[in-house]
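Enquirer: If you're matching positions, the sequence shown starts at 134 in the working numbering and goes up one per residue.
Virtual Cβ for every residue (Gly too), placed ideally from N, Cα, C.
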Amino acid sequence: MTDMSATSEKRYATAGDYVQLLKPRIMMLVVFTAIAGLVAAVGVTGVSINPIMAAIATLAIALGSGAAGAINMWYDADIDQIMSRTSTRPIPSGAVPKEEALAMGLIMSGVSVMLMWLASNWLAAALLAFSIFYYGVIYTMWLKRSTPQNIVIGGGAGAFPPVIGWAAVTGNTPVDAWILFAIIFFWTPPHFWALSLLAHGEYEKAGVPMLPVTHGAKVTRNQILFYTILLVPLALLPVLTGLGGWIYGATALALGLVFLGYAVRVWRSNAGDAEASGADMKLARGMFFFSILYLFLVFAALILEHAAGLHFVIGGV
């Protein structure tokens, strides 16, 4: 593996480089799903939370997500340099020293957990600390480079935000909170494996054992379909428990059917294979981008119901 210092031209870091270290696109999704958990907890339990404390708790989750992203970029700098889609990141490009990124991640981790503790309670702070550890250590340092199930097991890290948001309001984590966790957990494999069908050559070059690299594109397409079939009914569970109402249920069902349609079409295609056509790869790319829209709109429907007083459930209001 080529030494990074020998191949990367030194350049001055910009504010954008430090923002990129925090993985802002992931951070936005993390914050959004955390807000969904927080708003749903208020709507379901009737427990109120001071708006300022809620804002601080949300900031803590954002900082925790950014901290985990910085730690991930610090540890993955060697493979980021090899893959073309990540070679321009702040560390492999020579803008930010590895040690600086690590220090930034560790300091932000401590600040985020302390803020959460001060703004809410010890349980929310402990869950936030564990989610940072899960992504930064369990996934990044262990699972990602050791097993093709890395994204399945590691997906737990990204599934914690709504549970943390719920805990910040109530100080506990009931079944409804863990249903939201499960939706994100089962959403992650089809979402990320659709991307891995597109970038499997990059992962192979970097020595990362993503499923298409270790078991081939066909197995990956089978797994995408399998997890999507599990996800669609799972996303309707909130309707049965009363967490989600008619708006949520209709949204989750309609989007779930579209998501399943994508999964079936990808499964029937040659996406990721050597003989894959441009149309096959376009399907995989389309599924990847739709998966992001799917999660956003499903959780947006939940927020809308509870925040706007539109939470009409089966059997009553």
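Taking only runs of the beta strand (DSSP E) that begin and end inside the stretch 189-235, which ones reach a length of at least 3 residues, in chain order?
Expert: If we require 3 residues or more, the stretch 189-235 turns out to have no beta strand (DSSP E) run fully inside it.
Enquirer: Go ahead and pull the three-state DSSP assignment for aspartate 309.
Expert: Three-state result, aspartate 309: helix.
Enquirer: Mind the definition here: the stretch 205-220 touches the stretch 269-281 only if three or more C-beta pairs lie below 8 Å; say whether that holds.
Expert: Flag = yes, the stretch 205-220 and the stretch 269-281 touch.
Enquirer: Report all residues from its chain with a CB closer than 7 Å to the CB of methionine 237; omit the five preceding and five following residues, and keep chain order.
Expert: Once the five neighbours on either side are set aside, the close Cβ partners of methionine 237 are Leu154 and Ala203.
Enquirer: For alanine 441, count the other beta carbons within 10 Å of its own beta carbon; 16 or more makes it buried, fewer makes it exposed. Which is it?
Expert: When all chains shown are included, alanine 441 counts as exposed.
Enquirer: Let me confirm a value: methionine 160 is counted as buried when at least 16 other C-beta atoms fall within 10 Å, else exposed. Which label applies?
Expert: Label assigned to methionine 160: buried.
Enquirer: Quick one: residues in its chain with C-beta nearer than 7 Å to the C-beta of isoleucine 189, no 5 flanking neighbours on either side, listed in chain order?
Expert: So the list reads Leu248 and Ala252, once near-sequence residues are dropped.
Enquirer: Do three or more CB pairs link the stretch 310-327 to the stretch 250-270 at distances below 8 Å?
Expert: No, because fewer than three Cβ pairs between the stretch 310-327 and the stretch 250-270 fall closer than 8 Å, the two stretches do not touch.
Enquirer: Pick helix, strand or coil for proline 342, following the three-state DSSP scheme.
Expert: If DSSP states are grouped into helix, strand and coil, proline 342 belongs with coil.
Enquirer: Alpha helix (DSSP H) containing phenylalanine 263: first to last residue?
Expert: 255-266 is the span of the alpha helix (DSSP H), which, as asked, contains phenylalanine 263.
Enquirer: Of the residues Glu408, Val244, Arg222 and Ala174, which one's Cα is nearest the Cα of alanine 193?
Expert: Residue Val244 is the option with its Cα nearest to alanine 193.
Enquirer: Determine the closest residue to aspartate 213 out of Ile436, Ala339 and Arg418, with distance taken between C-alpha atoms.
Expert: Among Ile436, Ala339 and Arg418, the Cα nearest to that of aspartate 213 is on Ala339.
Enquirer: If you draw a straight line from the alpha carbon of glycine 170 to that of valine 352, how long is it in whole angstroms?
Expert: So the alpha carbons of these two residues sit roughly 34 Å apart.
Enquirer: Taking the Cβ atom as the reference point for each residue, do serine 424 and proline 323 lie within a distance shorter than 9 Å?
Expert: Contact flag set, yes.
Enquirer: Beta-carbon within less than 7 Å of glycine 382's beta-carbon, same chain only, minus the 5 sequence neighbours each way: which residues are those?
Expert: For glycine 382, where only same-chain residues beyond five positions count, the Cβ hits under 7 Å are Leu369 and Val372.
Enquirer: From Asn403, Leu435 and Ala173, pick the residue whose C-alpha is nearest to that of alanine 301; which is it?
Expert: It is Ala173.
Enquirer: Could you tell me if phenylalanine 422 is buried or exposed, where buried requires 16 or more neighbouring beta carbons within 10 angstroms of its beta carbon?
Expert: It is exposed - the Cβ of phenylalanine 422 has fewer than 16 other Cβ atoms within 10 Å.
Enquirer: Could you check if serine 198 is buried or exposed, using at least 16 other CB atoms within 10 Å of its CB as the buried criterion?
Expert: That one is buried.
Enquirer: Measure the C-alpha to C-alpha separation of alanine 195 and tyrosine 395 and round it to an integer number of angstroms.
Expert: For alanine 195 and tyrosine 395, the distance between alpha carbons rounds to 31 Å.
Enquirer: With three or more beta-carbon pairs closer than 8 Å as the criterion, would you say the stretch 388-402 touches the stretch 410-420?
Expert: The stretch 388-402, when compared against the stretch 410-420, does touch it at the 8 Å Cβ threshold.
Enquirer: Quick one, which of Phe325, Gly389, Lys156 and Trp255 has its alpha-carbon nearest alanine 201's?
Expert: Nearest option by C-alpha distance: Lys156.
Enquirer: Nearest to isoleucine 297 by alpha carbon, out of Tyr272, Leu330 and Ala262?
Expert: Nearest of Tyr272, Leu330 and Ala262 to isoleucine 297, Cα basis: Ala262.
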